[in-house]
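Those letters in the sequence shown? Residues 1 to 120, per full-length UniProt numbering, in order.
A quick write-up on the structure given underneath.
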Amino acid sequence: MKQLDDFYLNQKEPIKGIFLALKEIILKQDLDITNTLKYGMPFFSYKGKMFCYLWIHKKIKQPYIGIVEGKYFDEPFLIQENRSRMKIMMFDVNEDLPLNQIEAIIQKALNLYKTGIVKI
1 MKQLDDFYLN QKEPIKGIFL ALKEIILKQD LDITNTLKYG MPFFSYKGKM FCYLWIHKKI
61 KQPYIGIVEG KYFDEPFLIQ ENRSRMKIMM FDVNEDLPLN QIEAIIQKAL NLYKTGIVKI
């Protein structure tokens, strides 16, 4: 757990604050969500199955939520780039987080697992 905490604490502001806020937003969506460090980044799992993660875009240096099963979504604010399965939701560090949009996409991702579209 210390490595995970260190990941958040070692980020520079404003990304640190954004990641900490996103962590809280994601974790409060369902009691079965857990947060661990995998591949050097914070991953969130639902009943042991990875469903999203936090990272920083390499080229434009903006934080984002990666939705593991993003291929099931067609929201225009989700970006695929060269990924076949995942899509990302980028955040501008100079703007407030779109709380309703974040919660809606996390719930939609969770529903893929809860309804059996993605097997647990």
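Heads up, the beta-carbon is just placed ideally off N, CA and C, and yes, glycines get one too.
Judged by beta-carbon spacing, isoleucine 15 lies within the 8 Å limit of isoleucine 56, meaning their Cβ atoms are closer than that value.
When secondary structure is reduced to three states using DSSP, tyrosine 53 falls in the strand class. A distance below 8 Å between beta-carbons, with the five flanking residues on each side excluded, links isoleucine 18 to the following residues of its chain, in chain order: Pro63, Phe91, Val93 and Leu97. Residue nearest to isoleucine 120 within the set Leu22, Ile33 and Phe7 is Ile33 (criterion: CA-CA distance).
Residue range 99-114 is occupied by the alpha helix (DSSP H) that includes asparagine 100.
Between glutamate 95 and arginine 85, the CB-CB gap reaches or exceeds 8 Å. Under DSSP, phenylalanine 44 shares a beta bridge with Asn35 and Cys52. Taking the Cα of lysine 108 as reference, the smallest distance to any Cα among Thr36, Lys2, Leu20 and Asp30 is reached at Asp30. Per DSSP, reduced to three states, the secondary structure at lysine 119 is coil, with no helix or strand assignment. Checking the DSSP bridge columns, you'll see tyrosine 64 partnered with Trp55 and Met90.
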